[in-house]
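In the working numbering, the protein residues as written are 3 to 332.
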């Protein structure tokens, strides 16, 4: 048996060790042959032969197991060394990162209004019913609440459906004049080509003494802002309804895809809706205990702007993390 112990110790691979194991322990192996020879031995010899063979069997199995562990460890070390990467080496394939198109668009919007002396305010994503609805002239059971598709929690808490609560909290903690924007994530129960459960808004508010703010002021700054974002486009204001502004308007720009000629994207109208605005409703000022003031407000969806600027057809593509798409914005 000595040669088998030696062969186990000299084995240089797991495969070679497996061959040795089969040669020793297999059905036609050495031990099987030795046990077969017991048939011709006397009863006394059989007991001694069986004892010796079982001792060798146990010892050989222990040797095999120990050698296998050693060989597997060596093979793993060799594999790790062969596959090792020197992270300190310079790679010509490395690429610089870039801003996500939504964040890049958000930055451009904030940059414009910051230059126009608007303060940038942020707030909680989890809001209460008062700040998200009631203070904005949306009392309980108001039909306009159905448009919000809200995620509710217990105790009238909810995920904010717009960044307007930031405006309410700012007015309740600050005396006018106020000149601010509120960028951030908002949440609604909606998901299709042009809607996602989470998206981003930028809402603006300007409040001053009564008589110092008019719709003309609002119209001027929004026209200038939209030309800053989209270039040489036409801008129009259409009468609309929002509970928190009166009068209210929706703002359109000439289609950036067909230059106002009419196409599938603009439904052959030549116009694309981009934001909503209006003069702040007196009920909102009453809720925050403001008197003798006037102001205007506006709000826009950042993803909507990003889709138009970069001509992306499906809003959901902005959230899927597709590297091929995102690499285009480096």
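A virtual CB, placed ideally from N, CA and C, is assigned to each residue, including glycine.
Inset, instruction - Please list, in chain order, all residues of the same chain as residue 165 whose beta carbon is under 8 Å from its beta carbon, the five residues on each side excluded. - result: 125, 184, 185, 186, 188, 203, 204, 205 and 301
Legend entry - residue 190, buried or exposed, once every other Cβ within 10 Å from all chains shown has been counted against 16: buried
Inset, instruction - Pick helix, strand or coil for residue 173, following the three-state DSSP scheme. - result: helix
Inset, instruction - Please go through the same chain and pick out, in chain order, the residues whose beta-carbon is closer than 7 Å to the beta-carbon of residue 200, but skip the five residues on each side of it. - result: 187 and 189
Legend entry - Counterpart residues of residue 279 in DSSP-defined beta bridges: 251 and 300
Inset, instruction - Compare the C-alpha of residue 254 against each of 248, 227 and 247 and name the closest. - result: 227
Inset, instruction - Go ahead and pull the three-state DSSP assignment for residue 244. - result: strand
Legend entry - Which residues DSSP lists as bridging residue 183, in chain order: 122 and 206
Inset, instruction - Return the Cβ separation of residue 245 and residue 138 in integer angstroms, given the expectation that the two are a contact with Cβ distance under 8 Å. - result: 6 Å
Legend entry - Classification of residue 80 by the beta-carbon crowding that lies within 10 angstroms, buried from 16 upward: exposed
Inset, instruction - Helix, strand or coil for residue 235, going by three-state DSSP, please let me know. - result: coil
Legend entry - Simplified DSSP assignment, three categories, for residue 154: strand
Inset, instruction - Please look up how many angstroms separate the CB atoms of residue 103 and residue 320, rounded, as I've assumed it's under 8 Å. - result: 6 Å
Inset, instruction - Less than 8 Å between the CB atoms is what I'm expecting for residue 280 and residue 251, so what's the real figure, rounded? - result: 6 Å
Legend entry - Endpoints, alpha helix (DSSP H) assigned at residue 215: Unbroken run through residue 215: none, as it is neither H nor E.
Inset, instruction - Determine the contact status of residue 276 and residue 173, defining contact as a CB-CB distance below 8 Å. - result: no
Inset, instruction - For residue 235, count neighbouring C-beta atoms within 10 Å of its own C-beta (all shown protein chains included) and say buried if the count is 16 or more, exposed if not. - result: buried
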